[in-house]
Amino acid sequence: MPPEVPHSCPLLTPLVQFSTLASPSSPKSSKRNRRMRAPGKKLIPVLILVLSSLSIVRLAKIAFNTWSPPQVFTLLPSSQNNCSSPSACKEGPSVTHRPPKPSATETALTTKEFLLLSNLITQKLPCNLLVFGLEPQYLNLAALNAGGITLFLEDNPDKISEIKENSNATRVYKVEYKTAAKKAYKLLKQARQNSACAPSLRPLQQETCKLALRNLPPQVYKTKWDVVVVDGPAGDGPEAPGRMATIYTAGLLARAGNATDVLVHNVDRTIEKWFSWEFLCEENLVSAKGRLWTFRITGQSNSTRFCSGKTVEII
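FYI, the working numbering numbers position 26 of the sequence shown as 6, with every residue one higher than the one before it.
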């Protein structure tokens, strides 16, 4: 029989007893881990802030070293930079008031404008041609009008010195215009109110209107003109002589003939436009090309008005 084993014998126990450890997933363990990792997380924002501050300081230092104050340029006349002595510099630069010279595009006729003018003269050959102004292009008109009379009136001596009369029938006269362009509006108002500026039977030399040119060469008043061109004086600034008187005088000369074509250049400018409407009249406008208007005026020696229509109002 097998031996009996007493039930009271204790079971064998291991020599080393392992204490019960809390599992990693237990609440107590996670709290301890968070406590251990918390200091590291708090340091990250501090490190970022420190590094950012250092970067900003470094960039500011670089910008300060490379920045230079903006340069201020002052435009001074060249005469101030070339003073011969300190006293000369104190006196300041001498300023010469000269009107700017008009550009070639402002004074010259365009191809279409010149073609209009030359075709008109061709239809009237030979003719009596009067030109207020003197541009190189107009010399071609004098050559074209070889059998007629061509007369130029110019106030610029430099232009006259460059021109040579090519025939006995071509003349260039030096004239003077004393009325500045800035007085145009005042003169126009006076002309409307003054009966002396209306057309009359008096010779032009005896006119008392301020717009009448009374000191032109005698040939101007004696000749019956077929074509009158108004392209002078320059009228390119308020202080420069304007074309008020030349347009007014051209209107009177045209009325003394049988039928006269008056051409006005630079009608894109206010004075030329105002005075053309006033003394040459819209009703007489027969053609226009670019900045060149053509008025055809028939002999009206008995008329006391330039235009039959309403007066042009200036706004």
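Just so you know, even glycine gets a beta-carbon here, dropped at the ideal spot from N, CA and C.
Non-local beta-carbon contacts of A176 in its own chain, meaning distances under 8 angstroms to residues more than five positions away in sequence, involve E187, T188, C189 in chain order.
With fewer than three CB-CB distances shorter than 8 angstroms, the segment 232 to 240 does not count as touching the segment 209 to 224. Taking the C-beta atoms as reference points, V247 is found no nearer than 8 angstroms to F275. Under the criterion of beta carbons closer than 8 angstroms, L193 and T229 qualify as touching, at roughly 4 angstroms.
With a minimum length of 4 residues, the unbroken runs of alpha helix (DSSP H) contained wholly in the segment 162 to 211 fall at 164 to 173, 198 to 202. Note on geometry: alpha-carbon atoms of N264 and N99 lie some 19 angstroms from one another.
Look at the beta carbons and you see the segment 128 to 145 touching the segment 191 to 211: at least three pairs across the two are nearer than 8 angstroms.
T150 and D211 have their C-alpha atoms some 18 angstroms from each other. Distances from the CA of Q185 to each of S32, K202, L272 were compared; the closest alpha carbon is that of K202. Just so you know, the alpha carbons of T240 and K204 end up roughly 9 angstroms apart.
Pairing I143 with K154 gives a Cβ-Cβ distance that is not under 8 angstroms. DSSP, read as helix, strand or coil, puts V26 in helix. Taking all protein chains shown into account, R223 has 16 or more neighbouring C-beta atoms within 10 Å of its C-beta and is therefore buried.
With contacts defined by Cβ atoms closer than 8 angstroms, N120 and P106 do not form a contacting pair. Closest by C-alpha distance to L167, out of L191, E156, V209, is L191. Taking all protein chains in view, the Cβ of L110 is crowded by 16 or more other Cβ atoms within 10 Å, so the residue is classified as buried. Restricted to the segment 114 to 144, the alpha helix (DSSP H) segments that are unbroken, complete and at least 4 residues in length are 116 to 124, 137 to 141, listed in chain order.
Nearest in C-alpha terms to L260, of all of S283, T250, I227, is I227. Take V209, set aside five residues on each side of it, and the residues of its chain with a beta-carbon closer than 6 angstroms to its own are V111, L243, in chain order. Closest in alpha carbon position to F94, among Q170, H245, R172, is H245. As computed with DSSP, L96 is found in no beta bridge at all. When DSSP states are grouped into helix, strand and coil, A239 belongs to the strand group. Linking P213 to A178 through their CA atoms gives a straight-line distance of about 23 angstroms. Looking at the backbone, the Cα of G113 and that of P137 are separated by about 11 angstroms. Under the three-state reduction of DSSP output, T278 falls in the strand class. Spanning the alpha carbons of F255 and Q103 requires a straight line of approximately 27 angstroms. Counted as a single uninterrupted DSSP element, the alpha helix (DSSP H) harbouring T250 occupies residues 250 to 259. For the 8 angstroms CB-CB criterion, G127 and N108 do not form a contact. Non-local C-beta neighbours of L89 in its own chain, meaning closer than 6 angstroms and more than five positions away in sequence, comprise Q117, ordered along the chain. With 16 or more neighbouring CB atoms inside 10 Å of its own CB, V207 falls in the buried class.
Looking only at L272, W257, G231, V152, the smallest Cα-Cα distance to S283 is reached by G231. Selection G279, E262, R271, V266 evaluated against S288 yields E262 as nearest (Cα-Cα). A distance below 8 angstroms separates the beta carbons of F286 and E258.
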